[in-house]
Amino acid sequence: MGIGSNKEEAKKVFDLYYEKGGNFFDTANVYNFGESERFLGDYVSDKRSDVVVATKYTINTTAMQTDKRLNPNFGGNHRKSLVENLNKSLKRLNMSYIDILYVHAFEYRTLIEEIMRSLDDVLYIAASDVPSWVLTRSNTIAELHGWSFLTGKYTRKSTTNLKSNYRDRSVTSHSKDEKNWEILDEVIAVSKEIGVTNWIQQKPGITSPIIGARTVTQLEENLESLEFKLTPEQMKRLDDVSKPTGREIPFPYSLIDKLDKHLGKNIEVPDKFGPIATTYNYGRLY
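For the sequence shown, the residue numbers in full-length UniProt numbering are 1 to 286.
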């Protein structure tokens, strides 16, 4: 929310989503440099008891700091980062509490034990872009202690014409991988056969796909994906073309590998994607 839409258009999208029964709203401290949280806070101010609000902390950016040097204390999973960012998020959202706080990404610097202790002050905790072994260990610690490239907007040509401040972000990084274009080509082929597609919505285990609706029309189109099914043959084609080759860095390591520009220093993805990494600096506590 707040990326690509002005406040008035975003409010229309919010109202339609809420009217259709939506009550879960996800944002992050760095989305649109804090404007997303401010927008959302205004929209839900008279509905606070009826909605669930989630935000995130971890990622560092100079755009949100008065001192344009990258402040290592602003980013990372450590307790100081959590407290600082949670307080700032509460002010932007104009709320006294947040329902769900996400660890936005795992940074291989802060002990999992410290992260779990620090998440003590929110109603519910969650994790985004975190390896499965970290979640498993975190759950064990908690128990012991008792505590979008597929939108149709992007083509092989269009990614060269993006606004300069978005040119080096995730869309263009995805466009450099030929396999992503092969997946997109098949998605387009299937969608042309029936006029629509809801591939992600229909996959087993997906509770809610993340949609990037910027306008009311786009949200209406996304909601219509609940009203039809792709054939088994169409699902198989899409699943086959998107099957990992074994050569790519698997998610979330692929994302973690790209975050160094936001966090201060180079990142080294662990060998064989195990639990050990050597150089990580989301925000070392100085």
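Where is the CB? At the ideal position from N, CA and C, for every residue including glycine.
Would you kindly work out how many angstroms separate the C-alpha atoms of E208 and G34, rounded to a whole number?
Here residue 208 corresponds to residue number 208 of the sequence shown, with the count starting at 1. Here residue 34 corresponds to residue number 34 of the sequence shown, with the count starting at 1. Before going on, a small fix: residue 208 reads as Ser here, not Glu. Rounded to whole angstroms, S208 to G34 spans 24 angstroms at the Cα level.
Looking at A127: is its Cβ nearer than 8 angstroms to the Cβ of Y97?
Here residue 127 is taken as the residue at index 127 of the sequence shown, counted from 1. Here residue 97 is taken as the residue at index 97 of the sequence shown, counted from 1. Not a contact, by the Cβ cut-off of 8 angstroms.
By how many angstroms is the C-alpha of E107 removed from the C-alpha of N139?
Residue mapping note: residue 139 aligns to position 139 of the sequence shown, counting from 1. Residue mapping note: residue 107 aligns to position 107 of the sequence shown, counting from 1. N139 and E107 have their C-alpha atoms spaced approximately 18 angstroms apart.
By alpha-carbon positions, which one of Q202, Y124, V130, P131 ends up nearest to P232?
In the sequence shown, counting from the first residue as 1, residue 232 sits at position 232. For P232, the nearest C-alpha among the options comes from Q202.
Alpha carbons only, please: which of A10, K7, N6, A28 is nearest the one belonging to K88?
As a first step, residue 88 must be located in the sequence shown, where it is residue number 88. Comparing Cα-Cα distances from K88 to each of A10, K7, N6, A28, the minimum goes to A28.
Can you tell me whether T217 is buried or exposed? The criterion is at least 16 other CB atoms within 10 Å of its CB, across all chains shown.
Here the question's residue 217 lines up with position 217 in the sequence shown. Exposed is the call here.
Quick check on the burial criterion: 16 or more other C-beta atoms within 10 angstroms. Buried or exposed for E113?
Looking up residue 113 in the sequence shown gives position 113. It counts as exposed.
Sorted by chain position, which residues of the same chain lie with C-beta nearer than 8 angstroms to E182's C-beta, five sequence neighbours on each side aside?
As a first step, residue 182 must be located in the sequence shown, where it is residue number 182. The answer, listed in chain order, is V241.
Out of V83, V13, L135, which has the shortest C-alpha to C-alpha gap to P252?
Reading the sequence shown from its first residue, position 252 is the one you call residue 252. A check of alpha carbon separations from P252 across V83, V13, L135 identifies L135 as the nearest.
On the CB-based measure, 16 or more other CB atoms within 10 Å of its CB, does I59 come out buried or exposed?
For the purposes of this step, residue 59 is identified with residue 59 of the sequence shown, where counting begins at 1. It is buried - the Cβ of I59 has at least 16 other Cβ atoms within 10 Å.
Considering only their Cβ atoms, is the gap separating L93 from E9 smaller than 8 angstroms?
As a position in the sequence shown, residue 9 is number 9, starting the count at 1. As a position in the sequence shown, residue 93 is number 93, starting the count at 1. No.
Return yes when the Cβ of D99 is within less than 8 angstroms of the Cβ of A54, no when it is not.
Residue numbering aside, residue 54 sits at position 54 when the sequence shown is read from its first letter. Residue numbering aside, residue 99 sits at position 99 when the sequence shown is read from its first letter. Contact annotation: A54 and D99 have beta-carbon atoms nearer than 8 angstroms.
Once DSSP output is grouped into helix, strand and coil, what is the label at F14?
The residue given as residue 14 occupies position 14 in the sequence shown. Here F14 sits in helix by DSSP.
Quick one: using the 10 Å Cβ neighbour count with 16 as the cut-off for buried, is K91 buried or exposed?
Here residue 91 corresponds to residue number 91 of the sequence shown, with the count starting at 1. By the neighbour-count definition (other C-beta atoms within 10 Å, threshold 16), K91 is an exposed residue.
In whole angstroms, what separates the C-alpha of N73 from that of M116?
The residue you call residue 73 lines up with position 73 of the sequence shown. The residue you call residue 116 lines up with position 116 of the sequence shown. C-alpha separation (whole angstroms): 18 angstroms.
Could you check the C-alpha separation between N198 and R237 for me, to the nearest Å?
Against the sequence shown, residue 198 aligns to sequence position 198. Against the sequence shown, residue 237 aligns to sequence position 237. Whole-angstrom Cα-Cα distance: 13 angstroms.
When you compare the CB positions of Y17 and L219, do they come within less than 8 angstroms of one another, or not?
As a first step, residue 17 must be located in the sequence shown, where it is residue number 17. As a first step, residue 219 must be located in the sequence shown, where it is residue number 219. Yes, the Cβ-Cβ distance between Y17 and L219 is below 8 angstroms.
Is A189 helix, strand or coil by DSSP?
Mapped onto the sequence shown, residue 189 falls at position 189. DSSP places A189 in helix when its eight states are reduced to three.
Please identify the residue among I249, S5, K243, K47 whose C-alpha is closest to the C-alpha of E186.
By 1-based counting over the sequence shown, the position of residue 186 is 186. Out of I249, S5, K243, K47, K243 has the C-alpha closest to the C-alpha of E186.
Can you check which of these residues, D46, R214, A189, is closest to L230 by C-alpha distance?
Position 230 of the sequence shown, counting from 1, holds the residue named residue 230. It is A189.
What's the call for L123, buried or exposed, on a 16-neighbour Cβ count within 10 Å?
Position 123 of the sequence shown, counted from the first residue, corresponds to residue 123. So L123 counts as exposed.
With DSSP run on the structure shown, which of helix, strand or coil describes D26?
Here residue 26 corresponds to residue number 26 of the sequence shown, with the count starting at 1. In the structure shown, D26 falls within a strand segment according to DSSP collapsed to helix, strand and coil.
Taking I200 as part of the alpha helix (DSSP H), name the residues at either end of that continuous run.
On the sequence shown, position 200 is the one that residue 200 refers to. I200 -> alpha helix (DSSP H) spans 199-202.
By DSSP's criteria, L101 is part of a beta bridge. Which residues make up the other side?
Here residue 101 corresponds to residue number 101 of the sequence shown, with the count starting at 1. T55, I125, per the DSSP bridge assignment.
Less than 8 angstroms between the beta carbons of K95 and G41, yes or no?
For the purposes of this step, residue 95 is taken as the residue at position 95 of the sequence shown. For the purposes of this step, residue 41 is taken as the residue at position 41 of the sequence shown. Sequence inspection shows Met at residue 95; the Lys mentioned does not correspond to that position. Going by C-beta atoms, M95 is nearer than 8 angstroms to G41.
May I ask which residues mark the beginning and end of the alpha helix (DSSP H) holding residue 367?
What is shown of the chain runs 1 to 286, which leaves residue 367 out entirely.
Could you check the C-alpha separation between I125 and T245 for me, to the nearest Å?
Residue mapping note: residue 125 aligns to position 125 of the sequence shown, counting from 1. Residue mapping note: residue 245 aligns to position 245 of the sequence shown, counting from 1. I125 and T245: Cα-Cα distance of roughly 33 angstroms.
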